[in-house]
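Colleague: The opening position of the sequence shown corresponds to residue 6 in the numbering used here, with each subsequent residue numbered one higher.
Take this structure first; my questions come after.
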Amino acid sequence: MQQTQYLVVTAIGSDRTGIVSDLTTLVHDCNCNIHDSRMAIFGQEFTFIMLLSGDRMAITRVENSLPATSHELGLLTMMKRTSKHKEIDNTNAFVIEYIGPDIPGTLNTVTKFLAHKNVYISSLKADALVDASKKSLHATHLTVQFGDDIDVDAFTNDFAALCQSLQQDFTITKLIQE
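Below, the structure is given as structure tokens:
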């Protein structure tokens, strides 16, 4: 029995209808499975990240087929072999959300704070918004993993002070597993 292998594929290019179908068809035709994926539109650019799984031959087929397909679709792509997702104990998983004025450096300050506190970020989504009065806002959603040594109440107090200094409203909630 062949061991399952993994490949991360990132694609970026001009957005158009059908581009996701074209990429997923390539993956299917190579006998790979899309283990995980994220897609977003930034400006007029399409972005797609996939974690593919398959046997050695299937992964090699994607590696050999993707450059030509990318060229046909007008995409820039990167690929990197990797290993299976690290299983994370979600006992200490939390969702941190904050929103406030769109001030350059806010996300950098927050991620530095989390790194300093040894908080693992497993996902991050940030959006620029405009409120009813036409003020620019920035909303961020992070899924994080606290180490066993982190006092959640003390962390929340420290994060509250940080958010106050950055003019951000925030929530921290325990991630509920289904």
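Ideal Cβ placement from N, Cα and C applies to all residues, glycine included.
Counting C-beta neighbours from all protein chains within 10 Å, is the total for A120 16 or more, i.e. buried, or is it exposed?
Modeller: It counts as exposed.
Colleague: Assuming V100 contacts L171 under a Cβ cut-off of 8 Å, what Cβ separation, rounded to an integer in Å, is found between them?
Modeller: So it is not a contact: roughly 18 Å between Cβ atoms.
Colleague: Which of the three DSSP states is assigned to S58 in this structure?
Modeller: S58 falls in the strand class under three-state DSSP.
Colleague: Throw me the rounded Cβ distance for the T87 and Y11 pair, which I believe falls under 8 Å.
Modeller: 5 Å
Colleague: Suppose you measure from the CA of T22 to the CA of L28; what does that come to, to the nearest Å?
Modeller: Near 12 Å, if we compare the C-alpha coordinates of L28 and T22.
Colleague: Can you name the residues that DSSP bridges to N38?
Modeller: N38 is bridged by DSSP to S58.
Colleague: Thinking C-alpha only, which one of L142, D132, G110 and S70 is nearest L167?
Modeller: G110
Colleague: In this structure, how does DSSP classify P106 when only helix, strand and coil are distinguished?
Modeller: strand
Colleague: Tell me, please, which residues DSSP counts as bridged to G18.
Modeller: F51 and L80
Colleague: Closer than 8 Å is the cut-off here; do at least three beta carbon pairs connect the stretch 74 to 82 with the stretch 124 to 143?
Modeller: As far as the Cβ criterion goes, the stretch 74 to 82 does not touch the stretch 124 to 143, which means the pair count is below three.
Colleague: Below 6 Å CB to CB, which residues in the same chain sit around A45 once its five sequence neighbours on both sides are set aside?
Modeller: T52
Colleague: For Q8, count neighbouring Cβ atoms within 10 angstroms of its own Cβ and tell me buried if that reaches 16, exposed if not.
Modeller: exposed
Colleague: Is the Cβ-Cβ distance between N97 and Q150 less than 9 Å?
Modeller: yes
Colleague: May I ask you to report which of helix, strand or coil DSSP gives A120?
Modeller: helix
Colleague: Among the residues of its own chain, which have a CB less than 7 Å from the CB of R43, if the five just before and after it don't count?
Modeller: I54
Colleague: So does T114 have its beta carbon nearer than 8 Å to some heavy atom of the ligand MG?
Modeller: Of the ligands one can find in the structure shown there are none, so the ligand MG has no counterpart to examine.
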